[in-house]
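In the numbering used here, the protein residues as written are 38 to 509.
For each residue, glycine too, the CB sits at the ideal point set by N, CA and C.
Since we're looking at a predicted model, the values are computed, not measured.
Quick look at the structure:
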């Protein structure tokens, strides 16, 4: 694509708060390339409240499709006309769905950048990148920045950013620990971590830190769970207003607006939560975090905070079901979260953070290796010691006649890497084609019969192979 002078950019991101926060490095990078570029955000009602206070956004358009103002083809064409009148030079389409790709195309925006792995939509893009869902080495923020590389912009060292809280919420504690009772895998599933898990974690945190103030955060939909945690016996006093020297719980469920929530989060000693909007607010403010990974997909490598000190608590039990995270009602993953790991994570962070390599730590917590061999190689134990999940599929059963059994095990293990000690090119190709029907993250499939003596070297090899599959 021929490089053009760009002075007026439309960013299409009409979805959740966390999705918006993870494009804030893009805003930074655009302004670093040219501070005079005008940035307009096509926002949702959900992320508008935060987007409107971000200093790098010059204009906001509330999306009319999500708000259901577009009810027919005539409304859609009027929407197109409205965008045409803005004379955008470029559109960064982060919400890769047909109505938005087609909207940018019909609006006559000269440069349209999107995910070219969305084959049916790529006809509407004349610039873009390939968002390789199989690459377990990149955070969503890094994929977002790839859009700018596709139009010749430098991405620099931009990170998540939010302005300081607009309103102060008077709250204190030493330590001050926040728990957000958010939905696991998005609001559509209405699936939460069991309230009993939170209550157990709270008790264990108090065992370590009797003087702690624990703040319960969330919307009114979480009120029943919060009341259970708040009133669960053997933990008094419960009312922070008593000013007791003992530990306290403050139940703020449904009692804060977004700006008050931002103020509270910015003051926390440690934040505890699943992958939800306030978790990304905490990440933008650099708050040490216990990130609870209570779902098979998406992986921590993609969505856990990239730069904040963190401890990732991953579900322990394996699940035989295909992970349709947006509407899954199974609780196998969330039921197996260890409250000991949550409390120990708080203890570790309050003791001074983490000493691990942030990139490799997320990589270990995100990847599950299935060896195709007669028996697990000696390197398997070293990989497990690093935190990777390792399992075996018998070499003598690895053939096309056992394809269903192979897929069942890959699903059960939530495989991200298939490391075969036997060469089966045709079977590899079949698995490459059909594994996405079972695994939201298509696995890296490789044949390598080398005897590895160093886990670090093998992990480096895996990372190189992931990157080799990425197209830009």
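Hey, quick one: how far does the beta strand (DSSP E) through residue 152 stretch, first residue to last? 148-152
### Message
Pull the bridge partners of residue 166 from the DSSP assignment, please.
### Response
152
Proximity test, Cβ basis, 8 angstroms: residue 440 and chain B: Given the protein chain composition of this structure (a single chain), no chain B is represented.
Rounded C-alpha distance that separates residue 349 from residue 338: 10 angstroms
| request: Let me know if residue 326 comes out buried or exposed under the rule of 16 or more other beta-carbons within 10 Å of its beta-carbon. | output: buried
Residue 128 lies in the beta strand (DSSP E); which residues open and close that run? 127-130
### Task
Measure the Cβ-Cβ separation of residue 404 and residue 453 and say whether it is below 8 angstroms.
yes
Alpha carbon to alpha carbon, what distance is there between residue 166 and residue 184?
6 angstroms
Grab the span of the beta strand (DSSP E) containing residue 513 for me, first residue to last. The question about residue 513 has no answer here: the residues shown for the chain are numbered 38 through 509.
- Under the three-state DSSP convention, the category residue 274 falls into: In this prediction, residue 274 has a pLDDT of 45, which is less than 50 and means its spatial position is unreliable; what the coordinates show is noted afterwards. Reduced to three states, the DSSP call for residue 274 is coil.
Say yes only if the C-beta of residue 350 is nearer than 7 angstroms to one or more non-hydrogen atoms of the ligand COA, and no if none qualify. You won't find the ligand COA in this model; it holds no ligand whatsoever.
Original post:
Can you tell me whether DSSP reads residue 28 as helix, strand or coil?
Top reply: Because the chain is modelled from 38 through 509, residue 28 falls outside the range shown and cannot be assessed.
Counting only the same chain and skipping the five closest in sequence on each side, list residues whose C-beta sits under 6 angstroms from that of residue 500.
-> 174
Which first and last residues belong to the alpha helix (DSSP H) in which residue 55 is found?
54-58
**OP:** Tell me, please, which residues DSSP counts as bridged to residue 326.
**Re:** 308, 347
- Excluding sequence positions up to five away, which residues of its chain have a Cβ less than 8 angstroms from the Cβ of residue 282? For residue 282, the predicted model reports a pLDDT of 44, less than 50, meaning its position is unreliable and no value from the coordinates is stated.
| query | In three-state terms, what does DSSP make of residue 279? | reply | Bear in mind that the predicted position of residue 279 carries a pLDDT of just 35, short of 50, making it unreliable; the figure below should be weighed with that in mind. Three-state result, residue 279: helix.
Note down the Cα distance separating residue 256 from residue 292, rounded to an integer number of angstroms. 8 angstroms
For residue 105, count neighbouring C-beta atoms within 10 Å of its own C-beta (all shown protein chains included) and say buried if the count is 16 or more, exposed if not. exposed
Validate contact between the region 191-206 and the region 240-247 using beta carbons, cut 8 angstroms, 3 pairs:
no
First through last residue of the beta strand (DSSP E) which encompasses residue 215: 213-217
Is residue 488 helix, strand or coil by DSSP? coil
query: In terms of alpha-carbon separation, which member of 341, 332, 246, 346 lies closest to residue 362?
result: 332
For residue 50, the residue or residues it bridges with in DSSP:
80
Residue nearest to residue 296 in terms of C-alpha spacing, selected from 432, 308, 84: 84
Next on the checklist: Taking the straight line between their C-alpha atoms, what separation do you get for residue 416 and residue 266?
Outcome noted: 43 angstroms
**Asked** Leaving out the 5 sequence neighbours to the left and right, which residues in its chain are closer than 6 angstroms to residue 484 when beta-carbon positions are compared?
**Response** 457, 460
Which residues does DSSP pair with residue 220 in a beta bridge? 229
Skipping 5 residues on each side, what residues in its chain have a beta carbon closer than 6 angstroms to that of residue 399?
337, 338, 341
Note down the Cα distance separating residue 279 from residue 246, rounded to an integer number of angstroms.
-> With a pLDDT of 35 at residue 279, under the threshold of 50, the modelled position of that residue is not reliable, and the figure given next carries that caveat. Residue 279 and residue 246: Cα-Cα distance of roughly 18 angstroms.
Nearest neighbour of residue 346, chosen from 387, 314, 312 [CA to CA]: 387
Can you tell me whether DSSP reads residue 253 as helix, strand or coil? strand
For residue 135, the three-state DSSP class (helix, strand or coil):
helix
Bridge partners - residue 64, DSSP secondary structure assignment:
Looking at the DSSP assignment, residue 64 forms no beta bridge with any residue, so it has no partner.
Would you identify the three-state DSSP class for residue 472, choosing helix, strand or coil? helix
inquiry  = Out of 43, 463, 464, which one is the CA nearest neighbour of residue 147?
reply    = 43
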